[in-house]
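Notes for the one structure printed next.
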Amino acid sequence: MNKDIATPLRTRAILEKYNFSFKKSLGQNFLIDTNILNRIVDSANLTSESGAIEIGPGIGALTEQLAKRAEKVVAFEIDQRLLPILKDTLSPYPHVKVIHSDVLKANVKEVIAEEFRENQDIHVVANLPYYVTTPILMKLLEEKLPIRGIVVMIQKEVADRIAAKPGTKDYGSLSIAAQYYARAETVFTVPKTVFIPQPNVDSAILRLTLRDKPAVDVVDEAFFFEVIRASFGQRRKTILNNLRNNLATKEQKDLIEEALQEADIDPSRRGETLSMDEFACLSEELYKRFK
Ligand code: SAM
37 MNKDIATPLR TRAILEKYNF SFKKSLGQNF LIDTNILNRI VDSANLTSES
87 GAIEIGPGIG ALTEQLAKRA EKVVAFEIDQ RLLPILKDTL SPYPHVKVIH
137 SDVLKANVKE VIAEEFRENQ DIHVVANLPY YVTTPILMKL LEEKLPIRGI
187 VVMIQKEVAD RIAAKPGTKD YGSLSIAAQY YARAETVFTV PKTVFIPQPN
237 VDSAILRLTL RDKPAVDVVD EAFFFEVIRA SFGQRRKTIL NNLRNNLATK
287 EQKDLIEEAL QEADIDPSRR GETLSMDEFA CLSEELYKRF K
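Heads up: the sequence shown begins at 37 in my numbering, then just goes up one per residue.
As structure tokens, this is what we get:
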């Protein structure tokens, strides 16, 4: 019986056998610690009937641990050179399917419909390539996929921003964008020593539990997010000034104060102090006046 892929010895042997060289541009930092991998998989709360989607299987370290717990695993890998390696390392797990594709271009909804059972309990579990963390997470959330949860290893700084609460230094448009679709929490932090090569930044495990419906009700989602981005335009400025500068035309400027008053929000507050409910209320008041 082979040792787990993620042990340092076996990983080195696989890399040597295939003469594999890491591509920094693809965010290739492979995990070599089975203990951390088990904690990641534990955080996803999979059952033997769950489906798992992985993004970036690398040489299969996490894929293998997912395969031991889930009914089926589908993994998207962009790097063609890894396909023969995965075929070899994952040969004991016939219920794993590797798809050669850039996940940002993939039709994930269609893949889910084809590869998983109807109403299956599906989770995304991944050690994400750090250069595209935010676009990947936002794609998974915005496409309203039939998935229950997302557990990902990402830069600690990004995990902190996504899970941040109002009034903290990390709270911003990314926190609201993610928390609109999901409950967010940082589960644990991870030292650099569990990867080869070691990344330059600290990492953390982020868990997103998808909501059945968005956290707030808004008439126009795109406008809601536009208001949020405008409110955080310049962090030192008040919400009034940011909205005046970043959202309104000359003729609309006076309407902003009126909308803030109607939403019961002091115009001298800063964007980072507003809760999601307050942003929703403000966006509805602005919508009535602007649209
Ligand atoms: N899962 C492995 C592990 O934990 O050891 C590897 C994780 S490594 C941080 C990121 C992986 O994502 C690499 O295998 C890389 O080739 C792949 N990748 C990078 N960009 C991708 C993209 N846009 N779509 C799919 N995979 C991608």
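Think of the CB as a built atom: it goes at the ideal place given N, C-alpha and C, for glycine as much as any other residue. It should be emphasised that the depicted structure is a prediction, and the values quoted were computed from it without experimental measurement.
In this structure, ARG271 lies away from ARG219, with their beta-carbon atoms at least 8 Å apart.
Taking the Cα positions, LYS59 is about 47 Å away from LYS327. Across the set ALA42, VAL139, ASP300, LYS289, the C-alpha of ALA42 shows the shortest separation from the C-alpha of PHE66. The straight-line gap separating the alpha-carbon atoms of GLY96 and THR169 is approximately 19 Å. Measuring C-alpha to C-alpha distances from MET312 to each of ASP157, PRO120, ALA299 identifies ALA299 as the nearest. The DSSP assignment places complete beta strand (DSSP E) segments of no fewer than 3 residues inside the segment 54–121 at 87–91, 108–113, in order along the chain. Ligand 1 has a heavy atom closer than 7 Å to the beta-carbon of ALA97. Going by DSSP, PHE259 is part of the alpha helix (DSSP H) stretching over 257–267. CA-to-CA, the gap between THR245 and SER211 works out to about 14 Å. Cβ-Cβ distances below 6 Å link ILE275 to SER267, ARG305, GLY307 in the same chain, with the five nearest sequence neighbours on each side left out; the list follows chain order. Between the C-alpha atoms of LEU62 and VAL144 there is a straight-line separation of about 20 Å. For LEU242, the secondary structure class from DSSP, reduced to helix, strand or coil, is strand.
Secondary structure of PHE315 (DSSP, three-state): helix. With a 10 Å radius around the Cβ and a threshold of 16 neighbouring Cβ atoms, PRO93 comes out buried. Look at LYS133 here: in three-state DSSP terms it is strand. Rounded to whole angstroms, the separation of the alpha carbons of LEU45 and VAL252 is 49 Å. Counting of Cβ neighbours within 10 angstroms places GLN297 among the exposed residues, the total staying below 16. Your pair ILE135 and PRO182 does not check out as a contact, with CB atoms roughly 18 Å apart and the cut at 8 Å. Taking a cut-off of 8 Å on C-beta distances, the segment 184–192 touches the segment 68–85, as three or more cross pairs fall below it.
In this structure, LEU62 has its beta carbon less than 7 Å from a heavy atom of ligand 1.
Comparing alpha-carbon positions, the option among THR225, TYR216, ALA49, ILE89 lying closest to ILE72 turns out to be THR225.
For ALA214, the closest alpha carbon among the candidates THR229, LEU173, SER239, ALA240 is that of LEU173. ALA200 counts as buried, since at least 16 other C-beta atoms from the protein chains shown sit within 10 angstroms of its C-beta.
Rounded to the nearest whole angstrom, the CA to CA distance from VAL132 to LYS289 is 56 Å. Secondary structure of PHE326 (DSSP, three-state): helix. The C-beta separation of ILE114 from SER84 comes to about 29 Å, leaving the pair out of contact by the 8 Å criterion.
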